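Note that UniProt numbering gives residue 101 to position 101 of the sequence shown, counting from 1, and the numbers run on in steps of one.
Backbone N, C-alpha and C define an ideal beta-carbon position, used for all residues, glycine too.
Being a predicted model, the structure only gives us computed values, none of them experimental.
A short write-up of the structure that comes next.
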Amino acid sequence: MSETVRGVIARSKGAPVEIVDVVIPDPGPHDVVVRVQACGVCHTDLHYREGGINDEFPFLLGHEAAGIVETVGAAVTHVEAGDFVVLNWRAVCGECRACKRGRPWYCFASNNASKKMTLTDGTELSPALGIGAFVDKTLVHEGQCTKVDPAADPAVAGLLGCGVMAGIGAAMNTGNVSRGDTVAVIGCGGVGDAAIAGARLAGAKTIIAVDRDARKLNWAKDFGATHTVDASSEDVVEKIQEYTDGFGADVVIEAVGRPETWKQAFYARDLAGTVVLVGVPTPDMTIDMPLIDLFSRGGALKSSWYGDCLPERDFPTLIDLHLQGRLPLERFVTERISLDQVEASFSAMHTGDVLRSVVVW
């Protein structure tokens with residue numbers, strides 16, 4: 001039978017979010033109902049509310065979540081009732097051209113639930129990133145559930161569902177940071193700090209954090225930054241070169257998503273170094289650069305989608321490293337809030353007062 005629960009929606013562009021009744025349908029053959037235990041408030045949720053993703057309102061917000069599998073569809077084999085899972089938005093299909101070429105982390109046809117959650121009047125909801133987890137229970141495809149060690153705190157584990165995984169993966173998967181590398185990270189919010197944590201985990205010898213906010217630079221040190229650059233008063237490229245024996249960093253991760261910071265990343269890397277763009281730009285942004293510079297400096301210019309992660313491979317491993325004390329995921333949780341505080345958390349996000357607000361049930 002369908003059931004009705006509480007959820008947070010964005011009804012129209014720019015309007016404050018609302019708590020409403022959400023109808024969860026019976027799961028289809030490969031669908032799963034998950035009782036949400038915690039869900040982080042991500043910038044992507046704000047982008048949905050502001051109409052920056054698409055205009056398919058109303059949106060059921062939330063996607064960085066962990067919880068307990070409650071009900072499964074008739075054909076589900078991947079999980080079972082009672083499993084502790086982190087939700088993901090890359091439920092690989094196994095059939096698209098990326099999957100068939102052995103690159104499932106690029107899956108171009110990720111699976112989502114076969115049915116729509118609705119308002120009580122029947123209005124269909126668009127779940128954020130195919131998940132929609134600011135809700136007591138949510139309906140997802142079985143492949144969107146990744147089992148992890150239930151000893152993990154749900155408020156911590158759920159953050160792997162988006163921003164933290166994006167940053168760690170930008171360093172370890174896309175950037176291929178390895179032992180002894182020099183790394184610079186431009187932008188030290190949640191994603192940037194996760195990239196710093198990933199670079200440290202990979203064995204980088206020098207990790208340079210760049211930001212304009214002194215608080216964020218202090219946070220970056222907690223995650224493993226060995227040097228900091230105050231971009232409000234220092235030349236970013238010169239300082240990165242200074243900290244890398246005049247050469248530039250082997251890997252520069254741009255976690256802002258702006259043309260000016262991407263250019264800083266480009267010129268702050270060593271010859272044949274790598275630039276990783278994980279910050280998300282807006283459609284109107286452009287870059288004008290001499291083509292000879294792109295040629296003569298060599299190396300690789302990459303974009304990182306979801307940290308090029310494979311949830312079934314990466315989530316359990318990262319949770320295990322966290323439980324071993326080697327990955328301080330708990331430091332990303334700035335505050336724990338209730339469902340009715342999501343709108344206020346967007347304001348805290350704007351002022352830079354938090355790395356992550358996490359809704360807990």
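Checklist entry - By Cβ distance below 6 Å, which residues in the same chain neighbour A194 in space, the five residues on each side in sequence not counted? => result V164, G167, I168
Checklist entry - Counting along the chain, where does the beta strand (DSSP E) carrying R35 start and finish? => result 31-40
Checklist entry - In its own chain, which residues sit with a C-beta less than 8 Å from the C-beta of T146, not counting the 5 before and 5 after it? => result V85, V86, L87, N88, P311, E312, F315, P316
Next on the checklist: For T118 and K263, what's the separation of their Cα atoms in angstroms?
Outcome noted: 44 Å
Item to check | Touch test, the segment 58-68 against the segment 120-127, Cβ-Cβ under 8 Å, three pairs minimum | outcome: yes
Next on the checklist: So, does the segment 300-309 touch the segment 273-285, judging by three or more C-beta pairs under 8 Å?
Outcome noted: yes
Item to check | Coarse secondary structure for D314, derived from DSSP in three states | outcome: helix
Checklist entry - Would you say the segment 231-238 touches the segment 135-146, given that touching needs at least three Cβ pairs under 8 Å? => result no
Item to check | Own chain partners of residue 370 with C-beta closer than 7 Å, once the 5 adjacent residues on each side are dropped | outcome: Residue 370 falls outside the range modelled here, since the chain spans only 1 to 361, and no answer is possible.
Checklist entry - Mind pulling the alpha helix (DSSP H) runs of 4 or more residues that sit fully within the UniProt domain "Alcohol dehydrogenase-like N-terminal" (28-148)? => result 43-49, 97-100
Item to check | Inter-residue Cα distance where the pair is L339 and V8 | outcome: 7 Å
Checklist entry - So what does DSSP say about D235, is it helix, strand or coil? => result coil
Checklist entry - Just to confirm, are I337 and A152 a CB contact at a threshold of 8 Å? => result no
Next on the checklist: Relative to the C-alpha of C188, which candidate in V354, D288, A249, V359 has its C-alpha closest?
Outcome noted: V354
Checklist entry - beta strand (DSSP E) containing A204: first to last residue? => result That residue, A204, is in no beta strand (DSSP E); it is neither H nor E in DSSP.
Item to check | Sheet register partners of R269 (DSSP bridge) | outcome: A249
Next on the checklist: Can you find the residues in the same chain that come closer than 6 Å, C-beta to C-beta, to Y267, ignoring five residues on each side of it along the sequence?
Outcome noted: V237
Checklist entry - Of all Cβ atoms in chain B, is any one closer than 8 Å to the Cβ of M289? => result Structure shown: chain B not included; a single protein chain is present.
Next on the checklist: By DSSP's criteria, G7 is part of a beta bridge. Which residues make up the other side?
Outcome noted: V20, V135
Checklist entry - For the alpha helix (DSSP H) that T228 lies in, which residues bound it at each end? => result Looking at the DSSP string, T228 is not in any alpha helix (DSSP H); the run it does join, the beta strand (DSSP E), is 227-230.
Checklist entry - Between P25 and T123, which are expected to be in contact by the criterion C-beta below 8 Å, what is the C-beta distance as a whole number of angstroms? => result Contact flag wrong, Cβ pair sits at about 13 Å.
Next on the checklist: Buried or exposed, going by whether 16 or more other CB atoms sit within 10 Å of the CB of K216?
Outcome noted: buried
Checklist entry - Quick one: what's T244 bridged to in DSSP? => result Answer by DSSP bridge pairing: none, since T244 is not bridged.
Next on the checklist: Rounded to the nearest angstrom, what separates D245 and R269 at their Cα positions?
Outcome noted: 12 Å
Item to check | Whole-Å CB distance - V359 paired with V342, under 8 Å assumed | outcome: 7 Å
Checklist entry - Grouping DSSP H, G and I as helix and E and B as strand, with all else coil, what is K13? => result coil
Checklist entry - Can L323 be considered in contact with the ligand FMN, in the sense that its beta carbon sits closer than 7 Å to one or more heavy atoms? => result For the structure depicted, the ligand FMN is absent and the ligand set is empty, with no information on it obtainable.
Checklist entry - Where V356 and S110 are concerned, what is the direct C-alpha to C-alpha distance, given to the nearest angstrom? => result Note that residue 356 corresponds to Arg in the displayed sequence, not to Val. Answer to the nearest angstrom: the Cα atoms are 26 Å apart.
Checklist entry - So L160 is in the alpha helix (DSSP H); what residue range does that whole segment cover? => result Note, L160: premise wrong, no alpha helix (DSSP H); not H, not E.
Item to check | Pair within 8 Å by beta-carbon distance, L201 and L329 | outcome: no
Checklist entry - Given that a residue counts as buried once 16 or more other Cβ atoms are within 10 Å of its Cβ, and exposed if not, what is S2? => result exposed
Checklist entry - When DSSP labels each residue in this structure, what does A184 get in the three-state scheme? => result strand
Checklist entry - Using the C-alpha atoms, what's the distance from P29 back to T174? => result 34 Å
Next on the checklist: Quick check on DSSP: helix, strand or coil for A300?
Outcome noted: strand
Item to check | Host beta strand (DSSP E) of T334 (start-end) | outcome: 333-337
Item to check | the segment 46-53 touching the segment 67-85, judged by at least three CB pairs closer than 8 Å | outcome: no
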